[in-house]
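Count along the sequence shown from 1, add 47, and you get the number used in my numbering.
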Amino acid sequence: MIGTNFTDVVGFILLGFSDDPNLQWLLFGIFLIIYVNILIGNGLIIVITKTDSILQTPMYFFLGNFSFLEICYTSVTLPKMLMDLCTKNRNISFLGCAVQLCFFLIFGVTECFLLTVMAYDRYVAICKPLYYPLIMNHKVSVCLVLASWIGAIPGQIGQTYQIFSLPFCGSNKLNHAFCDITPVLEVACGDISVNESAIYAGTVLFAMVPFLLILTSYSRIISSILKLQSAKGRHKAFSTCSSHLITVSLFFGSGIIMYLRPKSSHLTGTDKVFSLFYNMVTPMFNPLIYALRNKDVIIAMKKFLPA
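Here it is in structure tokens:
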């Protein structure tokens, strides 16, 4: 990504949460606890979905991949944030910032796609139960997961290249905790209207469209559940879907607010909070959401963990 279009900016400074130096070690402790919980919680989900015989179904295959994705997603930013808080060295190279942003976007879009696949899986399971083993066989499940991962790569590499092809002739200080689109564009020079249009188009294509597909799936799922005669059957179906709905609401809600708000309403402090929310808080709570609302996961965890 280094060429003649680039200026002599060789790196950036991530200001992060340096407004109050007295909070640095407190934030380091909080972020470290969150990261450890993300690793342990999602790692446990991966292990039990791979080893427990009860969980060898498409739904838990997707859940295991989703947990692995959450670990990758947070590992793009959190270790660097922890290092910055610990060493107080907030420098990041030009190439390092580009790579961080690229992987952050790829994993974020992959999460949008994978959440859509998980919604489709629930739609087939509840609305077409007799055809479920045929439609959602192992080969189809693997192809859907691979498509979710691979489909996000080309567009986000192009988006990153477009952003870092801009001239940077002003300040190299990013008023953010990591390299995200908005803070990088704020220090770019020249006309960024094309980049902003591309960001909105990408958000609509890679976030809003999957979100609408999820809503469509769940409107049909809820309609089918309400037609069930058995109250026990309705409760079980709602319980199976509610975990995924909570995750979708947390991730898409914070992400869409972050990237689709008018530029005039952006506040630096608010942006930092929203970015931490979908980058840290959601991945931390996902294992709890799925574990506490799923009896099969609870049973599998009890068998795996020592008494």
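Virtual Cβ for every residue (Gly too), placed ideally from N, Cα, C.
Because the structure is a prediction, the values reported are computed rather than measured.
If you drop the 5 nearest sequence neighbours on each side, which residues of the same chain put their C-beta closer than 7 angstroms to that of residue i?
i      : result
GLY198 : PHE160
THR54  : Note that THR54 scores 48 on pLDDT, short of 50, meaning its location in the model is unreliable and no value can be drawn from it.
ILE345 : ALA338
Spatial neighbours of residue i within its chain, please: C-beta separation below 8 angstroms, excluding the five flanking residues on both sides.
i      : result
GLN147 : VAL123, THR124, LYS127, ILE139, PHE225 and CYS226
VAL234 : PHE59, PHE215, GLY217, SER218, ASN219, LYS220 and LEU221
Considering only the alpha carbon of each residue, which of the options lies closest to residue i?
i      : options                           : result
CYS119 : ILE101, MET130, ILE93 and LYS175  : ILE93
SER271 : PHE285, PHE258, LEU259 and ILE261 : PHE285
PHE298 : ARG267, CYS288, HIS282 and MET331 : MET331
ASN333 : SER114, ASP343 and LEU260         : SER114
GLU158 : ILE345, HIS291 and MET348         : HIS291
When we look at the beta-carbon of residue i and count the other beta-carbons within 10 Å, is it buried (16 or more) or exposed?
i      : result
ALA278 : exposed
GLY302 : buried
THR155 : Checking the displayed sequence, the identity of residue 155 turns out to be Gly instead of Thr. It counts as buried.
ARG169 : buried
THR98  : exposed
LYS350 : exposed
VAL241 : exposed
THR31  : Residue 31 lies beyond the range of the chain shown here (48 to 354); nothing can be said about it.
ASN326 : buried
HIS282 : exposed
HIS223 : buried
Secondary structure at residue i, three-state DSSP: helix, strand or coil?
i      : result
LYS220 : strand
SER122 : helix
SER277 : coil
ILE49  : Because ILE49 carries a pLDDT of 43, less than 50, the predicted location of this residue cannot be relied on, and the following value inherits that uncertainty. Note: ILE49 maps to coil in three-state DSSP.
PHE64  : coil
SER244 : helix
ASN89  : helix
PHE141 : helix
PHE324 : helix
PHE59  : strand
GLY300 : helix
THR98  : helix
Please state whether the Cβ-Cβ distance between residue i and residue j is less than 7 angstroms.
i      : j      : result
SER218 : PHE108 : no
ILE153 : ILE200 : yes
THR207 : CYS144 : no
LEU181 : VAL164 : no
ILE101 : ASP318 : no
ALA347 : ILE95  : yes
Going along the chain, which residues of its own chain have a beta-carbon closer than 6 angstroms to the beta-carbon of residue i, five neighbours each way excluded?
i      : result
THR329 : LEU297 and PHE298
GLY88  : PRO334
ILE173 : ILE268, SER271 and ALA284
ILE239 : LEU232
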